[in-house]
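Protein chains in written order, with UniProt numbering: chain A, 1 to 322; chain B, 1 to 322; chain C, 1 to 322; chain D, 1 to 322. Even glycine gets a Cβ: it sits at the ideal position worked out from N, Cα and C.
Number of protein chains: 4
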Amino acid sequence: MRRIGVFTSGGDAPGMNAAIRAVVRQAYALGIEVIGIRRGYAGMILGEMVPLGVRDVANILQRGGTILLTARSQDFLTPEGRAKAAKKLLEAGIEGLVAIGGDGTFRGAMRLIEEHRIPVVGVPGTIDNDLYGTDYTIGFDTAVNTALEAIDRIRDTAASHERVFFIEVMGRNAGFIALDVGLAGGAEVIAVPEEPVDPEAIAEGLLESQRRGKTSSIVVVAEGAYPGGAAGLLAAIQEHVAVEARVTVLGHIQRGGSPTAKDRILASRLGAAAVEALAAGTSGVMVGEVEGEVELTPLKEAVERRKDINRSLLSLSRVLAL
Amino acid sequence: MRRIGVFTSGGDAPGMNAAIRAVVRQAYALGIEVIGIRRGYAGMILGEMVPLGVRDVANILQRGGTILLTARSQDFLTPEGRAKAAKKLLEAGIEGLVAIGGDGTFRGAMRLIEEHRIPVVGVPGTIDNDLYGTDYTIGFDTAVNTALEAIDRIRDTAASHERVFFIEVMGRNAGFIALDVGLAGGAEVIAVPEEPVDPEAIAEGLLESQRRGKTSSIVVVAEGAYPGGAAGLLAAIQEHVAVEARVTVLGHIQRGGSPTAKDRILASRLGAAAVEALAAGTSGVMVGEVEGEVELTPLKEAVERRKDINRSLLSLSRVLAL
Amino acid sequence: MRRIGVFTSGGDAPGMNAAIRAVVRQAYALGIEVIGIRRGYAGMILGEMVPLGVRDVANILQRGGTILLTARSQDFLTPEGRAKAAKKLLEAGIEGLVAIGGDGTFRGAMRLIEEHRIPVVGVPGTIDNDLYGTDYTIGFDTAVNTALEAIDRIRDTAASHERVFFIEVMGRNAGFIALDVGLAGGAEVIAVPEEPVDPEAIAEGLLESQRRGKTSSIVVVAEGAYPGGAAGLLAAIQEHVAVEARVTVLGHIQRGGSPTAKDRILASRLGAAAVEALAAGTSGVMVGEVEGEVELTPLKEAVERRKDINRSLLSLSRVLAL
Amino acid sequence: MRRIGVFTSGGDAPGMNAAIRAVVRQAYALGIEVIGIRRGYAGMILGEMVPLGVRDVANILQRGGTILLTARSQDFLTPEGRAKAAKKLLEAGIEGLVAIGGDGTFRGAMRLIEEHRIPVVGVPGTIDNDLYGTDYTIGFDTAVNTALEAIDRIRDTAASHERVFFIEVMGRNAGFIALDVGLAGGAEVIAVPEEPVDPEAIAEGLLESQRRGKTSSIVVVAEGAYPGGAAGLLAAIQEHVAVEARVTVLGHIQRGGSPTAKDRILASRLGAAAVEALAAGTSGVMVGEVEGEVELTPLKEAVERRKDINRSLLSLSRVLAL
């Protein structure tokens, strides 16, 4: 393999740049050229490509976002769009791809492999941590710490005003962020999509904790845990009891910022491993870190198998939030 | 004067604890005892008081929120409520008050002085910076930097996805936060309550900046700049042009967190000055910092006179946001 | 078991408070009383004990340092000292101990078990990560991120002035912090105690990277990697080549600060697990997290067995620091 | 004026990039071209120049360091060196200069004006805040907050171990950083070059505060306050009393990092004002912010007149550090 392409796709995640850097430098060490494809699959179809040398990725390790930009592509969802993309890759002499993104990215990659025999190795870059085959995805640790810092701030106000706050964090289908942020932030209640959410029980719990002398409370809600997110859950609770509470939706601040050490190391490791896998002739897999070791998982499994939250941590959060 | 009371009231602001610490320690240096009144005017009516010694305020300088708690009080809005409060102060031997808060706090203080002859000196503690008689209020600098950090994060995503973001910051009646955050964050547009906001002109500006090659933009909106805040403004703009944009409401994270150096110094200075003013027999004034010097302003003026934003900075922001 | 004691000892680490909170609240859930012993073994000998209820540990989860204080004790190194400590524990009705600290702490605990039959379970609280039986120690993740933030700052200056910086991080016997910080910070060279450090080779490497067009470099040095630490290593290098460089010793800032999400979760989990282990009649073990699961390791092994750094990460850092 | 040059020189300071951006965009608004001169006077002599358009300064507002790099130049100290520099400027069609830096930078500029009639306007960019004619220099607020964050961390350890810490901050000739950091950080003692430092009195003070029940203390020392800095002062104190203490030198971390809101606004304002001044035909002045307004001060005065620290804040720090 003499030339590979790298791109980022889907929602951006802190650490994507660290992964790009690792791809470029590991490839250089193996004598492989790297072409950066801008704007994900949309740019691939349009042939938006730039050569990436070792100096081009200097000083990006610590930056949030992605220097290759990202976009969603309707065209790539059609066979015609994918054929165009494959043609552009062929013209550019690209013999393999490193795809950095989440499940949408990997589904696209699977089609590209299937229909056009282009080798692709995936790197899990998404703050949601909802990919099977890796203990953590790139960006998750940063997103959790960013949300945690926000909760620490809100707790100052919650404590001073003796109020209840409902804080919505990202996670449409997965409660990973909510669980870690809630446990680390000392939340009284953590609502995740993986578990039934019972407004009445939460109402009872909040009243009970007031009776025990707790004057302020934090409820962390994954956006997909209840219809309408944190605001929806609060409204449902208020049908049962007259709890006064404020709602804060953390929103896009969770996506940005300089990546944590953990995310930079994970991204460095997986970016390099992806190049090694490609160079070794592997395709159709995602590189992940499982119990401290780099492992390869078929893209199909990474996308389709369900990674569950650690339910013992959810129980622990209830014990600790007395 | 042998014994004074100190309390925080209204919305909490980072640096209130630094001000409490300064009150206690400056009073100690002058041989005056300090009683902390908890939960603002509500606690005053109920007689919720604790003696505060120099060690009681150790290690709070760097903490957000207020150790004395804060609350809003309906009772205090009535003459009966205020009479009860005055009685409790008398019983506790409190000969003067340091009131830390914003305009609601000071209006209450003015009544207390008028109706019950209790000397009060105000300390401007509010993130909104909307008090006349001080260049900055305690908490403003921290709130601006917190919002700025959030905007820096969002810009990562805005730049990676080449999107427009509308970010709502605090400020119902005043654009101080929006202006500073917008200028420091490189916002393309800053919408403040002090200036007419023209959705059509903003729409034009965003299109124009896209034509000039700018692929992402940040619009900072003070919550009171337009009906419905950032979301309302975006909707109004979308009636003119089909601009795609995301909305983020920063909300309560702007109130919390460890105060900046500026806020700690300002709070230390004004807390100490308030005690000195009280001890010197002054009442009915707010201590503020004007052009680097401590100044006293009648509470009535502090509350009623309008402090304007620096319009030259608003013009500057337009020049710089090319 | 009806009453247990908890204490922190040795160097403080961020997350110790989170562990104390978890001990107290998990014990409460099991119907066990908790006594906090202040100032580690020194306070144990003097009987410095305070009951800790669930509300006493409210609002400490996010705080650096340790509310129970920590100290080193010469007395406890003698049999007489330990006998006094055991007597105080007996008098206080303490039937078991949770010891939060590092290897010195655990060696003390082993003696206490041996000589006085007092059940002890250890919790790994040290920024150094040098304990066998847990993938990470409490405080390590925070220390790494704090050091990383410092390096990001220094890189601004290094890049602007096109200079080489030698940065010394903590780690007398172990290179865990240096390795993670170096990899995450994009260091050109990482010097750890686990590997021979060759000044001449480093000198060559720095010159080589200048030849390749790199204008600034960061060298991360664990304090125990070379005699004299970073300054010693630089001096040795300067005997070979005339490289101009600045030295910064990060020092004690690495110990403090609000713990990261990871450290708070780890501390919460291990604090709770320690109480469960004690309650189940276990003693002489350290609770740790290995590959995501809580595991018990004999204190003797935790202290004596060598946990090695991940050498593949060291190789990776060389590939990436082109 | 149709074309101007801009450069940064001397020690880098956070906000220099914000100033460069403002220079470029304000110039664009006035129809003036901007040439960036790299590596300060050294690069000027070598003719290292790059045109800077409005898009070239996008996304640098929030970055520490300086994209134009900085260096010290021996050559420029000679008339021959300056003649070469002037020739390069002439060749490049540069009709005026914006010089961003500190007193060394301005002394160089004065020579250039005198000997070669090249108009220069200075922008105060230095973390030291030691220039007359501006209340604050660009970078000072960031440096103070960075040092403060470090002190907050160290205080965690100081409090947990009940220790005294001597922390050295930047400031060879001026105590601005030490004073603000010390006051905001709750330091027991602040040693600045502007005031005599008496080791014996400090020793007495530390003992006295221990007698009053204070178990940990922070002493902030400007590097130029005492021979040997913080370590030298501690040694001198230890000749009087046996105080145990740790020393931490904050060093270069104080120079880097993303600028605070204050520094970005100040830099934006002064960068723009410098261009306006040049365009209006002014030369030989520094733009500064005095009591909220932009003011011009002759470079000679900026460099030679002494700006004093606010001694009332020093007294205040003593009252508050009980």
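With DSSP run on the structure shown, which of helix, strand or coil describes A86(B)? helix
Option nearest T146(D) by Cα separation, candidates D152(C), M110(C) and T8(C): The option with the nearest alpha carbon to T146(D) is D152(C).
Chain A within 8 Å of V220(B), Cβ atoms only: no
Listed by chain order, chain A residues near T126(B) by CB distance under 8 Å: Neighbourhood of T126(B) in chain A, by CB distance below 8 Å: empty, with the nearest CB roughly 13 Å away.
When Cβ atoms are compared, which residues of the segment 131-149 of chain B fall closer than 8 Å to chain D? D135, D141, V144, N145 and L148
For A274(B), which three-state DSSP category applies? helix
Take every Cβ of the segment 49-56 of chain C, pair it with every Cβ of the segment 309-320 of chain B, and state whether three or more of those distances are shorter than 8 Å. no
Sub-8 Å separation of F166(B) and V98(B) beta-carbons: no
Extent of the continuous beta strand (DSSP E) run through F166(D): V164 to V169
Bridge partners - G122(C), DSSP secondary structure assignment: G122(C) pairs with A99(C) and M286(C).
Note down the Cα distance separating F134(D) from E188(B), rounded to an integer number of angstroms. Note that residue 134(D) is Thr in the sequence shown here, rather than Phe. One C-alpha to the other measures close to 28 Å.
A158(B) to S217(B) span [Cα, whole Å]: Rounded to whole angstroms, A158(B) to S217(B) spans 7 Å at the Cα level.
Of the residues G65(B), I35(B), L46(B) and V24(B), which one's Cα is nearest the Cα of T142(B)? G65(B)
Span of the beta strand (DSSP E) around E295(D): E293 to P298
Can you pull the chain D residues whose beta carbon is under 7 Å from the beta carbon of E188(C), in chain order? The premise fails here: E188(C) is roughly 17 Å from chain D at the closest Cβ pair, so nothing lies under 7 Å.
Span separating the alpha-carbon of I265(D) from that of E301(D): 24 Å
With three or more C-beta pairs closer than 8 Å as the rule, is the segment 3-15 of chain B touching the segment 276-289 of chain C? no
Apart from the five residues just before and just after E168(C), which ones in its own chain have a Cβ nearer than 6 Å to its Cβ? V221, E223, G229, A230 and V249
Inter-residue Cα distance where the pair is T78(B) and L112(B): 11 Å
Among residues of its own chain, excluding the 5 on either side of T137(B), which ones have a beta-carbon nearer than 6 Å to its beta-carbon? P124, T126, N129 and L131
What number of angstroms, rounded off, separates the C-alpha of G186(C) from the C-alpha of V243(C)? 19 Å
Determine, for A19(A), whether the minimum Cβ-Cβ distance to residues of chain B falls below 8 Å. no
For the putative contact between residue 325(C) and E291(A), defined by C-beta atoms under 8 Å, what is the C-beta separation to the nearest angstrom? In the structure as shown, chain C starts at 1 and stops at 322, and residue 325(C) therefore has no counterpart that could be examined.
So, helix, strand or coil for T248(C), using DSSP? strand
Can you tell which of N310(A), A245(A), Q26(A) and M1(A) has its C-alpha closest to the C-alpha of R163(A)? Ranking N310(A), A245(A), Q26(A) and M1(A) by Cα distance to R163(A) puts A245(A) first.
Within chain C, the residues that Y28(A) reaches when beta carbons sit closer than 8 Å: L322
Beta carbon proximity, V249(D) to chain C, threshold 8 Å: yes
Per-residue DSSP class, three states only, for R3(B): strand
Below 9 Å on C-beta distance, what does V98(A) contact in chain C? Ordered by position in chain C, no residue passes the 9 Å Cβ test against V98(A), which lies about 15 Å from the chain.
Own chain, CB closer than 6 Å to L270(C), minus 5 neighbours either side, in chain order: V123 and V287
What are the boundary residues of the alpha helix (DSSP H) that includes A222(D)? It is not in any alpha helix (DSSP H) - A222(D) instead sits in the beta strand (DSSP E) that spans S217 to A222.
In the DSSP assignment, what are the bridge partners of T8(D)? I100(D)
G292(D) versus chain B: which residues are under 8 Å apart at the beta carbon? Residues of chain B passing the Cβ test: D135, E291 and N310.
Between the C-alpha atoms of L233(B) and E114(D), what's the straight-line distance to the nearest angstrom? The straight-line gap from Cα to Cα measures roughly 54 Å.
Please report how far the alpha carbon of residue 324(A) lies from the alpha carbon of M16(B), in whole angstroms. The requested residue 324(A) is not part of the displayed model; chain A covers only 1 to 322.
For the segment 126-212 of chain B, list the alpha helix (DSSP H) runs that are entirely contained and at least 4 residues long, ordered along the chain. 140-161, 176-184 and 199-211
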